[in-house]
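S.K.: The structure follows.
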Amino acid sequence: MAFVTRQFMRSVSSSSTASASAKKIIVKHVTVIGGGLMGAGIAQVAAATGHTVVLVDQTEDILAKSKKGIEESLRKVAKKKFAENPKAGDEFVEKTLSSITTSTDAASVVHSADLVVEAIVENLKVKNELFKRLDKFAAEHTIFASNTSSLQITSIANATTRQDRFAGLHFFNPVPVMKLVEVIKTPMTSQKTFESLVDFSKALGKHPVSCKDTPGFIVNRLLVPYLMEAIRLYERGPPGFPVGL
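Structure representation (structure tokens):
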């Protein structure tokens with residue numbers, strides 16, 4: 255992962271120099287759709303870096319579990335970050351949690367968002383239905399982003415009327431730990447939107463890399479062939495296999 259980060263960091267800086275005159279969106283208010291492992295992680299790092307966050311999922315039970323998981327994760331961070339000052343650690347946890355509210359109605363909360371990040375099931379139809387609905391309620395300036403790991407961003411963006419304000423924002427698990435973020439720009443994504451997402455990623459303490467809207471983007475496009483070869487080796491059963499299984 256560190257190798258991938260180093261190799262592709264240059265692409266962001268070179269891409270970000272264009273259209274300097276375009277006024278970028280400074281993301282302050284974030285709505286995260288999906289309270290699972292990835293969504294909760296995105297909500298955590300956004301809130302921990304001073305953003306106000308609304309975390310959305312289908313039921314209050316799911317959201318309660320998400321908030322509990324976020325609190326447990328934050329306490330681990332605080333224990334390490336504030337090892338010599340437990341009181342400051344407690345304050346960090348409480349302040350971060352207070353920046354996260356929850357809702358079961360995405361349409362009622364996206365109106366105040368600068369950025370909507372979707373982290374739901376990897377199903378194109380479901381994602382399209384979600385974004386098509388939210389497009390009617392979000393403000394004109396609001397950027398939409400999908401955390402999909404491999405689905406084509408263009409196919410998701412086409413469900414909306416804001417293709418220029420739509421991009422991929424692919425985090426890696428566990429989100430609070432992994433520094434890499436893939437920022438996927440479609441042919442319709444504006445430079446203003448791209449640069450706004452790069453700035454947002456940096457504000458989270460992440461290392462954004464620029465990606466084209468190709469299958470698997472960068473990391474999974476490199477990773478999957480290795481995984482497939484490992485499976486083939488296992489199937490063939492050469493001497494020494496299985497290893498570590």
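Numbering (this note's numbering), first residue to last: 255 to 499. Glycine is no exception: its CB is placed at the ideal position from the N, C-alpha and C atoms. Note that the coordinates shown come from a computational prediction; the quantities given were computed from them, not determined experimentally.
Using CA atoms only, rank isn't needed, just tell me which of LEU291, ALA300, THR350 and LEU476 is closest to ALA373.
M.R.: For the purposes of this step, residue 373 is taken as the residue at position 119 of the sequence shown. Ranking the options by Cα distance to ALA373, first place goes to LEU291.
S.K.: In or out: ASP368 buried (at least 16 other Cβ within 10 Å) or exposed?
M.R.: In the sequence shown, counting from the first residue as 1, residue 368 sits at position 114. ASP368 should be labelled buried.
S.K.: Are three or more beta carbon pairs between the region 352-372 and the region 305-315 nearer than 8 Å?
M.R.: Yes, they touch.
S.K.: Pick out whichever of MET482, GLY289 and PHE471 has its Cα sitting closest to the Cα of GLN406.
M.R.: One-based indexing of the sequence shown puts residue 406 at position 152. Checked all of MET482, GLY289 and PHE471; the closest Cα to GLN406 is PHE471.
S.K.: Measure the C-alpha to C-alpha separation of PHE420 and PHE426 and round it to an integer number of angstroms.
M.R.: Translated into the one-based positions of the sequence shown, residue 420 becomes position 166. Translated into the one-based positions of the sequence shown, residue 426 becomes position 172. The straight-line gap from Cα to Cα measures roughly 19 Å.
S.K.: Are at least three pairs of beta-carbons, each pair with one atom in the region 317-334 and one in the region 389-407, less than 8 Å apart?
M.R.: The region 317-334, when compared against the region 389-407, does not touch it at the 8 Å Cβ threshold.
S.K.: Give, in chain order, every unbroken run of the alpha helix (DSSP H) that is at least 4 residues long and sits entirely within the region 386-468.
M.R.: Counting only runs of 4 or more, we get 407-411 and 445-457.
S.K.: Does DSSP put SER275 in a helix, a strand or coil?
M.R.: Locating residue 275 in the sequence shown gives position 21, counting from the first residue. At SER275, the pLDDT of 39 sits below 50, so the modelled position is not reliable and the matter cannot be decided from this model.
S.K.: Around the C-beta of VAL286, are 16 or more other C-beta atoms found within 10 angstroms, so that it is buried, or is it exposed?
M.R.: Position 32 of the sequence shown, counted from the start, is the residue given in the question as residue 286. Flag for VAL286 reads buried.
S.K.: For ALA453 and LYS330, I'd like the C-alpha separation in whole angstroms.
M.R.: As a working note, residue 453 is residue 199 in the sequence shown. As a working note, residue 330 is residue 76 in the sequence shown. For the sequence presented, residue 453 should be read as Asp rather than Ala. Answer to the nearest angstrom: the Cα atoms are 26 Å apart.
S.K.: Any contact between the region 407-415 and the region 372-388? By contact I mean 3 or more CB pairs, one from each, below 8 Å.
M.R.: Enough Cβ pairs lie closer than 8 Å, so yes.
S.K.: Using only alpha-carbon positions, find the residue among THR443, ILE397, VAL364 and GLU483 that is nearest to ASP467.
M.R.: For the purposes of this step, residue 467 is taken as the residue at position 213 of the sequence shown. Taking only the C-alpha atoms, the option nearest ASP467 is THR443.
S.K.: Under 8 Å by Cβ, that's how I've got THR303 and LEU458 pegged, so tell me the actual separation to the nearest angstrom.
M.R.: Here residue 303 corresponds to residue number 49 of the sequence shown, with the count starting at 1. Here residue 458 corresponds to residue number 204 of the sequence shown, with the count starting at 1. Going by Cβ atoms, the distance from THR303 to LEU458 rounds to 5 Å, so yes, they are a contact pair.
S.K.: Using DSSP with H/G/I as helix, E/B as strand and the rest coil, what is HIS305?
M.R.: Indexing the sequence shown from 1 puts residue 305 at position 51. Three-state DSSP puts HIS305 in coil, outside helix and strand.
S.K.: Kindly give me the distance between the Cβ atoms of SER353 and THR306, rounded to whole angstroms, as I take these residues to be in contact under 8 Å.
M.R.: Along the sequence shown, read from residue 1 onward, the residue named residue 353 stands at position 99. Along the sequence shown, read from residue 1 onward, the residue named residue 306 stands at position 52. About 5 Å separates the two Cβ atoms, so the contact holds.
S.K.: Which partner residues does SER357 have in the DSSP bridge list?
M.R.: Counting from one through the sequence shown, the residue named residue 357 turns up at place 103. Paired residue(s): VAL310.
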